[in-house]
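Trainee: Numbering (the working numbering), first residue to last: 3 to 248. Just so you know, even glycine gets a beta-carbon here, dropped at the ideal spot from N, CA and C. Since we're looking at a predicted model, the values are computed, not measured. Mind having a look at this structure? Questions to follow.
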Amino acid sequence: MPPKNTQPKYRQIADYLREGILNGTYPAGQPLPSEESLAKQFGVTRPTVRQGLTELRASGLVEAIMGRGTFARSPHGRPSHTRPRGVRRTTDGRYAEADGLRWTDAEPPVATRTDAPLALADLLRIPPGEPMFTYDALQTADQGHLRQLHRTYVPFSVLLDTMYEEEAPPPAPDLYNALAELGHELHFTEYIRTRMPLPDQAQALRLSDGVPLLHVLRVTLTETDNPLALEEFHLPGDELELSFRL
Numbered sequence: 003m004p005p006k007n008t009q010p011k012y013r014q015i016a017d018y019l020r021e022g023i024l025n026g027t028y029p030a031g032q033p034l035p036s037e038e039s040l041a042k043q044f045g046v047t048r049p050t051v052r053q054g055l056t057e058l059r060a061s062g063l064v065e066a067i068m069g070r071g072t073f074a075r076s077p078h079g080r081p082s083h084t085r086p087r088g089v090r091r092t093t094d095g096r097y098a099e100a101d102g103l104r105w106t107d108a109e110p111p112v113a114t115r116t117d118a119p120l121a122l123a124d125l126l127r128i129p130p131g132e133p134m135f136t137y138d139a140l141q142t143a144d145q146g147h148l149r150q151l152h153r154t155y156v157p158f159s160v161l162l163d164t165m166y167e168e169e170a171p172p173p174a175p176d177l178y179n180a181l182a183e184l185g186h187e188l189h190f191t192e193y194i195r196t197r198m199p200l201p202d203q204a205q206a207l208r209l210s211d212g213v214p215l216l217h218v219l220r221v222t223l224t225e226t227d228n229p230l231a232l233e234e235f236h237l238p239g240d241e242l243e244l245s246f247r248l
């Protein structure tokens with residue numbers, strides 16, 4: 003006689019569906035059994051079924067689509083978008099994003115004054131609290147199918163004795179060309195990690211429950227590795243992969 007399953011019913015449902023998604027019984031993009039059929043199968047109420055589905059959404063294995071049902075998401079499938087990372091030089095010597103996409107700002111970015119927090123000050127090698135020019139932008143490409151949050155930071159100390167001492171430089175990527183015109187030969191370092199989004203980030207990027215962010219920090223450096231500026235990119239972490247040419 004097999005041992006009795008003592009787990010809560012909602013977790014039994016979650017485990018049953020998880021196994022089906024991972025072994026291919028429920029392929030990515032295909033609907034899962036309805037709440038009603040799962041309730042009958044496990045002898046529970048529909049709220050208990052929803053509790054199990056919530057657990058799967060939190061782990062990114064299912065997606066609920068309003069009016070259509072709940073659909074499987076495979077952790078093994080290739081993403082639908084691949085984004086080359088980095089900065090390239092165009093034929094006229096200007097700097098441009100390596101992905102070649104034409105990003106559009108939802109609203110014209112406006113420079114604001116912020117103080118450097120400890121983590122960013124460390125990357126920029128400036129004292130915490132040093133004032134910076136900061137730009138924030140929600141950007142879209144491919145007719146709105148691609149979205150990212152982009153923030154540019156430029157420490158005041160970098161701009162001393164330049165034409166931008168009193169007037170903010172442009173945000174990246176135009177910032178690169180402005181820095182080059184000040185006589186800098188630029189190169190870049192990126193740091194990438196994942197984390198769960200804050201509510202406003204999930205809303206802006208239209209992320210489903212359980213979908214993480216790709217959080218990219220890019221530091222712009224001189225030829226002698228002195229930091230000049232820093233950017234933050236927040237990207238959807240479900241249907242996107244980043245590629246790097248090494």
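Output the boundary residues of the beta strand (DSSP E) element that contains arginine 247.
Mentor: As a first step, residue 247 is located in the sequence shown; it is residue number 245 there, counting from the start. Arginine 247 -> no beta strand (DSSP E), and no H or E assigned at all.
Trainee: For the beta strand (DSSP E) that contains isoleucine 23, what are its first and last residues?
Mentor: Start at 1 with the first residue of the sequence shown, and residue 23 comes out as number 21. Looking at the DSSP string, isoleucine 23 is not in any beta strand (DSSP E); the run it does join, the alpha helix (DSSP H), is 11-24.
Trainee: Mapping DSSP to helix, strand and coil, what is valine 51?
Mentor: By 1-based counting over the sequence shown, the position of residue 51 is 49. Helix at valine 51.
Trainee: Is the beta carbon of glutamate 164 sitting closer than 8 Å to the one on threonine 136?
Mentor: As a first step, residue 164 is located in the sequence shown; it is residue number 162 there, counting from the start. As a first step, residue 136 is located in the sequence shown; it is residue number 134 there, counting from the start. A quick correction: the sequence has threonine, not glutamate, at residue 164. The answer is no: Cβ separation not under 8 Å.
Trainee: What do you reckon, are the CB atoms on glutamate 241 and proline 77 nearer than 8 Å?
Mentor: Here residue 241 refers to the residue found at position 239 when the sequence shown is read from its first residue. Here residue 77 refers to the residue found at position 75 when the sequence shown is read from its first residue. No.
Trainee: Can you grab the Cα-Cα spacing for the pair glycine 102 / arginine 91, in whole Å?
Mentor: Along the sequence shown, read from residue 1 onward, the residue named residue 102 stands at position 100. Along the sequence shown, read from residue 1 onward, the residue named residue 91 stands at position 89. If you take the alpha carbons of glycine 102 and arginine 91, they lie about 11 Å apart.
Trainee: From leucine 24 to glutamate 109, what does the alpha carbon distance come to, in whole angstroms?
Mentor: Translated into the one-based positions of the sequence shown, residue 24 becomes position 22. Translated into the one-based positions of the sequence shown, residue 109 becomes position 107. C-alpha separation (whole angstroms): 42 Å.
Trainee: Methionine 3 by DSSP, collapsed to three states: which one?
Mentor: If you number the sequence shown from 1, residue 3 lands on position 1. Low local confidence applies: a pLDDT of 45 at methionine 3 is under 50, so the model's placement there is unreliable, with the coordinate-based value given in what follows. Three-state result, methionine 3: coil.
Trainee: Exposed or buried, which one is methionine 3 when buried takes at least 16 other CB atoms within 10 Å?
Mentor: Residue numbering aside, residue 3 sits at position 1 when the sequence shown is read from its first letter. Low local confidence applies: a pLDDT of 45 at methionine 3 is under 50, so the model's placement there is unreliable, and no value is given.
Trainee: Is it true that the region 6-22 meets the region 52-61, where meeting means three or more beta-carbon pairs spaced less than 8 Å apart?
Mentor: Yes, they touch.
Trainee: If distances are taken between C-alpha atoms only, which option among Ala143, Gln141, Pro119 and Leu58 comes closest to proline 157?
Mentor: In the sequence shown, residue 157 corresponds to position 155, counting from 1. When each option's Cα is compared against that of proline 157, the closest is Pro119.
Trainee: With C-beta atoms as the reference, is alanine 170 less than 8 Å away from alanine 231?
Mentor: As a working note, residue 170 is residue 168 in the sequence shown. As a working note, residue 231 is residue 229 in the sequence shown. No, Cβ-Cβ distance for alanine 170 and alanine 231 is not below 8 Å.
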